[in-house]
Amino acid sequence: MPKAQNLDFFAGEARRKALPRGKACATCRCKCDGERPCKQCRRSADTYDCQDPTQTKASNVKPVQGVTQSQHRPQLYLDVSLDQERGGHFGGPGHGSRLVEAWPIKEESSTPTAQSLTLSPSPSSNSSNIRLEQLPPEFLDTLINAVSHNLPHIGFFLDISPFLLPLPFHSHDRPLPILLSALCMWGCRFTQSQSAPHPIYNESAFLLYTLHNIPSSLSPDNNHPQRVLHGIQTHILLSLYFLAQGRSVEGIFHSNAAVDFALDAELHLIQSLPLPERKFNHEAVVERIDAFWTVVLVNNYSVAAFGAPSAIEFLNMPIDTPWPVDVDLVGVCSGREITGAIAGATVSKFLTGLIVDGFSPLALQAKASILLECVISLAAQNGVEDERGENISLDSLEVLLDQFMLSLPLAGSGPALKADPGDDAKESRLLVTQTLTNVAIIRLHAPRINTHPESRTKYMTAAMSVIHIMTTTDLARHAGDPILGVLWATVGQVFVTELGSMDSSIGGGDAAGRYLTEQYQDLTYCLETTLTAMRSCSSDNPFIEQLCVRLEEAYASTLLQN
Numbered sequence: 001m002p003k004a005q006n007l008d009f010f011a012g013e014a015r016r017k018a019l020p021r022g023k024a025c026a027t028c029r030c031k032c033d034g035e036r037p038c039k040q041c042r043r044s045a046d047t048y049d050c051q052d053p054t055q056t057k058a059s060n061v062k063p064v065q066g067v068t069q070s071q072h073r074p075q076l077y078l079d080v081s082l083d084q085e086r087g088g089h090f091g092g093p094g095h096g097s098r099l100v101e102a103w104p105i106k107e108e109s110s111t112p113t114a115q116s117l118t119l120s121p122s123p124s125s126n127s128s129n130i131r132l133e134q135l136p137p138e139f140l141d142t143l144i145n146a147v148s149h150n151l152p153h154i155g156f157f158l159d160i161s162p163f164l165l166p167l168p169f170h171s172h173d174r175p176l177p178i179l180l181s182a183l184c185m186w187g188c189r190f191t192q193s194q195s196a197p198h199p200i201y202n203e204s205a206f207l208l209y210t211l212h213n214i215p216s217s218l219s220p221d222n223n224h225p226q227r228v229l230h231g232i233q234t235h236i237l238l239s240l241y242f243l244a245q246g247r248s249v250e251g252i253f254h255s256n257a258a259v260d261f262a263l264d265a266e267l268h269l270i271q272s273l274p275l276p277e278r279k280f281n282h283e284a285v286v287e288r289i290d291a292f293w294t295v296v297l298v299n300n301y302s303v304a305a306f307g308a309p310s311a312i313e314f315l316n317m318p319i320d321t322p323w324p325v326d327v328d329l330v331g332v333c334s335g336r337e338i339t340g341a342i343a344g345a346t347v348s349k350f351l352t353g354l355i356v357d358g359f360s361p362l363a364l365q366a367k368a369s370i371l372l373e374c375v376i377s378l379a380a381q382n383g384v385e386d387e388r389g390e391n392i393s394l395d396s397l398e399v400l401l402d403q404f405m406l407s408l409p410l411a412g413s414g415p416a417l418k419a420d421p422g423d424d425a426k427e428s429r430l431l432v433t434q435t436l437t438n439v440a441i442i443r444l445h446a447p448r449i450n451t452h453p454e455s456r457t458k459y460m461t462a463a464m465s466v467i468h469i470m471t472t473t474d475l476a477r478h479a480g481d482p483i484l485g486v487l488w489a490t491v492g493q494v495f496v497t498e499l500g501s502m503d504s505s506i507g508g509g510d511a512a513g514r515y516l517t518e519q520y521q522d523l524t525y526c527l528e529t530t531l532t533a534m535r536s537c538s539s540d541n542p543f544i545e546q547l548c549v550r551l552e553e554a555y556a557s558t559l560l561q562n
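Reading the sequence shown from the start, the letters are residues 1 to 562 in full-length UniProt numbering.
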């Protein structure tokens, strides 16, 4: 990722516009209204930082001290207004480039993590106009019910039932308001084809409310018992939302924020925590385990979709959290089974070929995403070194990918799915897992297809496998994951490249000409199948629509050449 494409660069111009000197407040990031404290600061619960310019010199001592302290956490201005055209940044190559090769990550990116950033809403935001406590119960039930059928697609790892409990709005038994708002935002997306948007409680309003209230809701001053987990869940929902929109800056920001919260909470060290600190019941432990691996997924999605540097160093960071178990087994598993039969070094052991546990749908999906991230890092850095200085080579990744692919159940016919044929969540996760793994194989072998026949065979076999998955799966039910559009675009580019390389012998009367004609027809069918799948998901996913248009343009170019 070019150095210029970091969060500070994109935020710079907006920051200058949001801070006219004179009556500007560094906390609010907009002009104060002259009240003490100013209205914007009262909303954000950061009154001690207000820089009201009408205060006397003596009364300004405390605000100045607050600003001095806040300089250790520089603020990032992100424009969250939805009333202006926002072109999504596509982290891949431009026209004529090959998507199947890893998108470049230049040198050491200066993209900051969420630990050093605070999100501030746009001055044009009217997010405070909605009051979640006045949300009509019937409308809330409709939104939550719509979300409940799509939980794997939006990275939701919590129990959905507390969102429907008739409890006081500010009760600690209820989820954080920003999490409820983010979930309602997704609910609006899932119901937009069924009914007209609500005049007040609509997707844009929920998004703005969530972004506006993140700083105060996730402040350490908030004593909600689930603040950290609910904060992680909120950032995951926002990251995947912006991924679907093709908005890389916001997507990467919230992905990094989720990683930052998870690491601060030591969710990556659940297995190695001292026993006295494990004061959780089985369901709570499973929830924390699922939270960490969902964060891993979202991090790797940002790497694959936008070419962002990974916020998790899988080889240089101790990850002792066990693989997630199947949610259906939580009630019958012992504590040892819940926290993992093999202690410590979960990812390191997996990357060295030790695949003896972690076969739940979420565990397999997390493993596939880690393999794809390793392939991208390998291409970007010419090899990945672990903490012992050992190099993760192309050959070792190839063996690991082959081994992992053999361990996966077939989509739609695996043993886990036969035992519970009505479980759409498992089928959806398996679809994404199979596609992630095949795309990892494609990107691993892409640089060698012209020099190594075996690499070319695996490259084409992986692409054809994705086509088989598309044609044998009910995509309307299972293809809601935002990452699928990125993966399908990579597969589609395989067929565009192959079609573009075919010579003028097509259509000849000899045997070779007939063979090439059949091959051309097969490749065309595969490409059109990919485009059909992408179009079917592009109506509510602007990023897939962008990728689909780009792929269609590349296809049209090959038709002109032939």
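By construction, the Cβ of each residue, glycine as well, lies at the ideal position given by its N, Cα and C atoms.
Pairing W186 with I376, the inter-Cα distance amounts to about 30 angstroms. Residues of the same chain with their beta carbon placed closer than 6 angstroms to that of D264 are lacking, with the five preceding and five following residues left out of the count. Following the DSSP letters along the chain, one finds Q403 inside the alpha helix (DSSP H) bounded by residues L394 to S407. Taking the CA atoms as reference points, L499 sits about 7 angstroms from Y520.
About 7 angstroms separates the beta carbons of T321 and L269, which is inside the 8 angstroms limit, making them a contact pair.
G485 is positioned such that its CB atom lies closer than 9 angstroms to that of L547. Within a 10 Å sphere around the beta-carbon of T142 sit 16 or more other beta-carbons, which makes this residue buried. Note on A476: under 16 other CB atoms within 10 angstroms of its CB, so exposed under the neighbour-count rule.
DSSP places A196 in the coil class of the three-state scheme, outside both helix and strand. Here L371 is not near A462, since their CB atoms are 9 angstroms or more apart. Taking C-alpha positions only, E552 is separated from S171 by approximately 51 angstroms. Straight through space, the alpha carbons of T471 and L487 are spaced by roughly 16 angstroms.
When DSSP states are grouped into helix, strand and coil, R227 belongs to the helix group. Excluding its 5 nearest sequence neighbours in each direction, N150 has C-beta neighbours in its own chain below 8 angstroms: W186, F190 and G480, listed in chain order. The three-state reading of DSSP puts W323 in coil, since its state is none of H, G, I, E or B. Between the C-alpha atoms of A182 and P197 there is a straight-line separation of about 16 angstroms.
Of the candidates Y555, L378, A345 and Q365, the residue whose Cα lies closest to the Cα of S310 is L378. Closest in alpha carbon position to P447, among Y459, L315, V249 and N438, is Y459. Separation of S396 and F359 (C-alpha to C-alpha, rounded to the nearest whole angstrom) is 21 angstroms. No residue range can be given for H452, since it is assigned to no alpha helix (DSSP H) and is classified by DSSP as neither H nor E. Taking the Cα positions, T457 is about 28 angstroms away from F306. Taking all protein chains shown into account, S501 has fewer than 16 neighbouring C-beta atoms within 10 Å of its C-beta and is therefore exposed. Under the 10 Å beta carbon count, D221 is surrounded by fewer than 16 other beta carbons and is classified as exposed. Here the alpha carbon of D357 sits roughly 45 angstroms from the alpha carbon of L516. Counted as a single uninterrupted DSSP element, the alpha helix (DSSP H) harbouring L559 occupies residues P542 to Q561. Rounded to the nearest whole angstrom, the C-alpha separation of L207 and Q561 is 45 angstroms.
Annotation for Q434: the continuous alpha helix (DSSP H) segment containing it runs D424 to H445. Contact annotation, V298 with S239: C-beta distance approximately 5 angstroms; criterion of less than 8 angstroms satisfied.
Annotation: T473 to V549 spans about 23 angstroms, alpha carbon to alpha carbon. In this structure, T437 and L408 form a Cβ contact; the two beta carbons are roughly 7 angstroms apart against a cut-off of 8 angstroms. The beta carbon of N541 lies closer than 7 angstroms to those of A244, P482 and G485 in the same chain, with the five residues before and after it left out. A buried status is given to M534, since no fewer than 16 other beta-carbon atoms sit within 10 Å of its beta-carbon. For E313, the number of other beta carbons within 10 angstroms of its own is below 16, and it is reported as exposed.
Within the same chain, and ignoring the five residues on either side of A363 in sequence, the residues whose Cβ sits closer than 6 angstroms to its Cβ are W323 and P324. Inter-residue distance for E373 and I214 is about 29 angstroms (C-alpha atoms, whole angstroms).
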